[in-house]
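Everything below concerns the one structure shown next.
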Amino acid sequence: MAKLHGARIKRQEDPRLITGNGNFTDDIKLPGMVHARVLRSPYAHAKILSIDVTQALEHPGVLAVYTGKDVNPEMQPVPTSWVVPGCNIKPKPRMPLAEEKVHYAGEGVAFVVAEDRYIAKDALEKIKVEYEELPAVTHQEDALKEGAPIIHEDVEGNLAFDWQPAEIEDEIFEQAEVVVKQRFYEQRVVPNPMETRGAVAQYNSGGGEMTIWCTSQNPHIHRMVYSEVLGIPESKLRIVAPDVGGGFGAKIGVYTEEALAGYAAKHLKRPVKWIEERSEHFLATNHARDEVIEVELAGNKDGTLTALRVVNTANMGAYLSTMGAGVPTIDFGLMITGAYDIPKAAVRTYGVYTNTTPTDAYRGAGKPEATFQIERAIDLFAHEIGMDVLEIRRKNLVKKEAFPYTNAMGLNYDSGNYQLSLEKALEMANYEELREEQKRLAAEGRLMGIGFSTYVELCGLGPSKVAGAIGFQGGLWENSTVRVHPSGKVAVYTGASPHGQGVKTTFAQVVGEKFGIPIEDIEVYSGDTGSIAMGWGTYGSRTTAVGGGALAIAADRVVDKAKKIAAHELETSPEDIELKDGVFQVKGVPGRQRTFQEIAKSANMAWDLPEGMEPALEAQSFFDPENFVYPFGTHICVVEVDKDTGKVELKRYIAVDDVGRVINPTIVEGQVHGGLAQGIGQALWEGTVYSENGQLLSGTFMDYTMPQADFFPEFETAYTETPSPVNPLGAKGVGETGTTASTPAVVNAVMDALRSYGIKDLEMPLTPEKVWAAMQNRRELV
Ligand code: MCN
């Protein structure tokens, strides 16, 4: 049988999806179902003086209009799930509906339920809310200033937390031969998955059971929290993530609307559907990034880097969202030294409340920001000492022999060969020739730039004890169950909750390889707390390393049991049985064998099992890895900047990634492509703009540039394979590598193109207008 692990197999999930047979939340239609809409605050900061729902209630077809006064006493607030210890964190419980005050434009004020969604929308206009507008603050640095509007009365200075895990002596910087200082701003972006959020809630008033179908990346986490919020025991609450049209981190969060749908379903004894509109999504679903990052990088004139000190002032929005305090900021802090052997490092992170939509994880979550600042700083350092940006990387990248390598923040990088991916990328780019071309074009007055990103990323979240130590209110292990039916067909259940990543294919490949059966014989189930043992979901590129680790262990357990049954039937010992191409056979005795399907039948019929053995062929594993995994690679971007318009043209993009052992190269490539689109999108086009009084000005696709396929060149991708020692598959995550690596590669390339103008840095996104204006303001130095 051909090898499945490592094979380019088409995604098994696609025929359903591309023929319109998917089943997304909005496809769910239940008898008697009614529809909900949220009335949202038009102000970023205001007192609610009164709410009059009389007219809305009289509107034909309206069943209920709930305000904070109705629902808040009966529900619990939605908490943050990351209570970072030792940083004086002040999480603000988020009530289902705002009652006294609104804290950002888009915060829910009332929840209308009607016979159809259009009636519900019309009724919103009939709710009369009297507000007293208050001064608003949207930028984190302004929010920290004395006299700034206070968002939550009991949070002094709007400081949500102050995390400083390590300090560094000033003398190191004072005495260093070279210190490069730079302030970067990682602009705010909106994740914008193709499917917005939504929920359908159904309640059985006889037994008290509730089912909520919703757009979730982690249904078990949603069950855990909504159980508290709604006061329904976990044993009676079922959360189902049906097909989910992308999440990119935005569907990790626990929000209020899904819980309100549950509340309304319980009160009205009718199923309730709430589906977010795109313009609502811009306001109501978590945003991301929005970090002011101040970097000091110290070293010697020969290019040796000695110390790094970083201050991150992060805009958390009006509330600390589910992962908000942890993933984007803590992961950032732990990864500031990137792929370089910098002996000393320190970080301080201020989490700041503002009158904006809360921020949370978005593809990469902390690692793109960490990679951005170090990759940009290292270029600036090289320029400062007159060294080539490639040479400074060669000099400081962690050496192959150093693994497992502990970085200055105490993280232990599992495995790596950074030089190999760098050399491969240089070869693919034909680097020497590129630099020659750059000179030729410069002589013609054209601006070509080449940018590097030699990155490493933390993912595969990751040991539960670490999660506990840094305040995550959950575990980070994963569950997989392998059930062999009497026919020998196999069902795999995973606590991860894929939503576009192709895991139904890759997990089937893993199991098919272990059992020697075709992947068509294997079904992978996910996303339903009713049928799947506890698990923690899909985010942090953890499904393969952690869920896949559990899967490999569970599959091995099945094989062990099956071998015992085969040995019993073939009258030999299990050690003498080998499994090859789906056949258990006695070593060295051709013909003495049982097929996988025969053993499946024997195990399930249980007519003649070994003494004391339980029937059935099923195993599960709850795998808690000993460490995170650290994928890495080298990306090279080639751009040309138009002198007359400032437009950046992407000429080439080379990505060499190492994600450990690859299960499916086609899927890995697809993941890299998607990640690149988002990382490059941040560098060049995407960006959220608030007005001074907190109105989201970039709240539609007319104002917020979503990258399109024709914005990009053909990506040139390749990979090296350095197995991870911390999971049985040797796999690292790939879901976020493209996003993490690409933003600084593009910005470094543009800055390289603009060097002759003396331009050192520009804030993203590098729009034509910004680049053109910068060129006009500088004298060309050539
Ligand atoms: N894979 C592989 N070999 C490896 C590593 C991964 O074949 N060595 C395969 C996996 O088995 C899986 C895919 O690549 O089919 C991604 O796996 P992994 O890196 O484990 O990431 P997760 O499945 O945990 O997905 C999460 C990750 C994250 S954090 C974001 S954000 C993201 C992403 O995946 N959001 C996505 N990719 C996305 N893709 C789509 N289509 N939609 C999203 O919302």
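Just so you know, we're using the working numbering here: the sequence shown kicks off at 124 and counts up by one. Don't be surprised by glycine CBs; every beta carbon is placed ideally from N, CA and C.
At the C-beta level, Pro733 and Ile688 come within 8 Å of one another.
Taking a cut-off of 8 Å on C-beta distances, the region 181 to 192 touches the region 201 to 220, as three or more cross pairs fall below it. Partner residues in the beta bridge of Thr843, as assigned by DSSP, are Asp781.
Between Met874 and Gly572 the beta-carbon gap is near 7 Å, inside 8 Å, which marks them as a contact. By the neighbour-count criterion, in which a residue is buried when 16 or more other Cβ atoms sit within 10 angstroms of its Cβ, Phe824 is exposed. Ile676 is positioned such that its CB atom lies no closer than 8 Å to that of Phe751. Of the residues Leu543, Val377 and Glu844, the one whose Cα lies closest to the Cα of Thr445 is Val377. The ligand MCN approaches Thr629 closely enough that one of its heavy atoms is under 7 Å from the residue's Cβ.
Distances between the C-beta of Asn602 and the heavy atoms of the ligand MCN are all 7 Å or more. The closest heavy atom of the ligand MCN lies 7 Å or more from the beta carbon of Glu136.
The Cβ atoms of Ser649 and Thr617 sit closer than 8 Å to each other. For the pair Ser164 and Val185, the Cα-to-Cα distance works out to about 21 Å.
At a cut-off of 7 Å, the beta-carbon of Ser538 does not count as near the ligand MCN: no heavy atom of the ligand is closer than that. Restricting attention to beta strand (DSSP E) runs no shorter than 3 residues, the region 554 to 602 encloses them at 570 to 579, ordered along the chain.
When C-beta atoms of the region 623 to 640 are compared with those of the region 774 to 787, three or more pairs fall below 8 Å, so the two segments count as touching.
Following the DSSP letters along the chain, one finds Trp895 inside the alpha helix (DSSP H) bounded by residues Pro891 to Asn900.
For Leu807, the enclosing alpha helix (DSSP H) covers residues Pro788 to Leu807. Going by beta carbons, Ala130 and Phe296 fall outside the 8 Å limit. Cβ-Cβ separation between Val312 and Glu809: approximately 5 Å, consistent with a contact (criterion under 8 Å). Taking a C-beta distance under 8 Å as the contact criterion, Pro836 and Arg775 qualify as a contact pair. Secondary structure note for Thr429: its beta strand (DSSP E) is the uninterrupted segment Leu428 to Gly440. Excluding five sequence positions before and after Ile882, the CB atoms of its chain that fall closer than 8 Å to its own CB belong to Met874, Ala897, Met898 and Arg901, given in chain order. Taking the Cα positions, Val433 is about 19 Å away from Glu300.
For His158, the enclosing beta strand (DSSP E) has its first and last residue at Val157 to Arg163. Contact between the region 666 to 685 and the region 852 to 861 is present: three or more C-beta pairs spanning the two stretches fall below 8 Å. With a cutoff of 8 Å on beta-carbon distance, Lys374 and Ser339 are scored as near each other.
Scanning Ser173, Met829, Val450 and Glu844 for the CA closest to the CA of Val782 turns up Glu844. Around Ile645, the same chain offers Val613, Val615, Ala631, Val634 and Gly635 as residues with beta carbons nearer than 7 Å, after the five sequence neighbours per side are excluded. By the C-beta density criterion, Gln801 is buried, having at least 16 other C-beta atoms within 10 angstroms. Secondary structure of Glu636 (DSSP, three-state): helix.
Annotated as distal: Thr604 and Gln818, with beta-carbon spacing of 8 Å or more. In summary, Asn409 is buried, with 16 or more beta-carbon neighbours lying within 10 Å of its beta-carbon over all protein chains present.
Per DSSP, Asn750 is not a residue of any alpha helix (DSSP H), being assigned neither H nor E. Close CB contacts of Arg569 within its chain, under the 7 Å cut and outside five residues either way in sequence, are with Glu763 (chain order). The region 458 to 475 makes no contact with the region 232 to 246: fewer than 3 CB pairs, one atom from each, lie closer than 8 Å.
Under the DSSP assignment, Thr472 falls in the beta strand (DSSP E) whose first and last residues are Lys467 to Tyr476.
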